[in-house]
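Here the working numbering is used: the sequence shown runs in plain steps of one and ends on residue 207.
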Amino acid sequence: MRSDTERNRKNLIQAAARLFEVAEGPISMTEIAHEAGVSVATAYRQFASVEEVLNTYRQDVGQLLLEFSERQQGSGVQRLESISRYWIRLVRERGAAMVPMRNRRGYLARLWEGADYLLVQANAVRPALRDAMQEQSLPDIGDKAVFLWNILFDPREIFDLLDTVGLSEQQVGSQLMAVLLGGLRGFAEGQGANAEPASHSAGREK
């Protein structure tokens, strides 16, 4: 990719993030282009839609989580807690731009169809989730574990706990981790003998 093309692409992603951080309504590609200092035609040469710009931003944030995850050591629970706490920090620093645009389709439907911005995040938490469940003598429930993690660690809910309730990042991490571990057990025990085979999601892991 040419240097000016790469620069325009990065500028558009950063411009979209700035706009979405303060947005109270829809953002147009024209607004993103203006904020980035490029023409609308240039913006559309890089991205087909506003959603694509935002999903690329989400994927970049998810990549940071994946790289952090791959450096972690220790037990599954220890790694899962470290990864989850790092995600809370990323949300506080970068997550406001990920809140305004919500997709009507379910998380697992989009994940299993291969949405890159969801895959990178899922790959960051899958190994630790699987190992944490094994340590608790729980059956592998596949991507239902990632589904539960995604519900609890949704940026909008994290901001609600931080800003509305007034919890610290440490408190949010501790309380959500406690709920997550209990929820994983509930999912596994509720599923009983019909637990999803590990192979269902194994092909999606990096």
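From the three backbone atoms N, C-alpha and C, an ideal C-beta is built for every residue, glycine too. None of the values given here were measured: they were computed from a predicted structure.
Quiz item: Hey, would you say residue 177 sits closer than 8 Å to residue 153, going by beta carbons?
Solution: Reading the sequence shown from its first residue, position 176 is the one you call residue 177. Reading the sequence shown from its first residue, position 152 is the one you call residue 153. Yes. Within cutoff.
Self-check item: Residue from 128, 23, 29, 41 whose Cα sits closest to the Cα of residue 9
Solution: Within the sequence shown, numbered from 1, the residue matching residue 9 stands at position 8. In terms of CA proximity to residue 9, 41 leads the group 128, 23, 29, 41.
Exercise. Note down, in chain order, each residue of its chain lying with its Cβ closer than 7 Å to the Cβ of residue 122, except the 5 sequence neighbours on either side.
Key: Working through the sequence shown from its first residue, we reach residue 122 at position 121. Excluding residues within five positions, the ones whose Cβ falls inside 7 Å are 63, 66.
Quiz item: Just how far apart, CA to CA, sit residue 137 and residue 145?
Solution: Within the sequence shown, residue 137 is the residue found at index 136, counting from 1. Within the sequence shown, residue 145 is the residue found at index 144, counting from 1. Rounded to whole angstroms, residue 137 to residue 145 spans 16 Å at the Cα level.
Quiz item: According to the neighbour-count rule (16 or more other Cβ atoms, all chains shown, within 10 Å of its Cβ), is residue 70 buried or exposed?
Solution: On the sequence shown, residue 70 is found 69 positions in, with the first residue counted as 1. Looking at its Cβ environment, which holds 16 or more other Cβ atoms inside 10 Å, residue 70 is buried.
Quiz item: In the structure shown, what three-state DSSP assignment does residue 81 receive?
Solution: To locate residue 81, count along the sequence shown from 1; it is residue 80. Helix at residue 81.
Quiz prompt | Selected residue, minimal CA-CA separation from residue 54, among 73, 34, 142 | solution = The count along the sequence shown starts at 1 and reaches residue 54 at position 53. Looking at the Cα atoms, 34 is the closest of the given residues.
Practice problem: Could you tell me whether the segment 80-89 touches the segment 16-30, using the rule of 3 or more Cβ pairs below 8 Å? | Solution: No contact exists between the segment 80-89 and the segment 16-30.
Quiz item: Taking DSSP as the reference, what is the three-state secondary structure of residue 28?
Solution: The residue labelled residue 28 in the question sits at position 27 within the sequence shown. Coil.
Quiz item: What are the boundary residues of the alpha helix (DSSP H) that residue 43 is part of?
Solution: Mapped onto the sequence shown, residue 43 falls at position 42. Note, residue 43: alpha helix (DSSP H), 41-47.
Exercise. Would you mind stating whether residue 60 and residue 118 have Cβ atoms separated by less than 8 Å?
Key: For this step, residue 60 is matched to residue 59 along the sequence shown. For this step, residue 118 is matched to residue 117 along the sequence shown. Cβ distance < 8 Å, so residue 60 and residue 118 count as in contact.
Exercise. Label residue 173 either buried or exposed according to how many other C-beta atoms from any shown protein chain fall within 10 Å of its C-beta, with 16 as the threshold for buried.
Key: Stepping through the sequence shown from its first residue, residue 173 is reached at position 172. Residue 173 is buried by the Cβ-count criterion.
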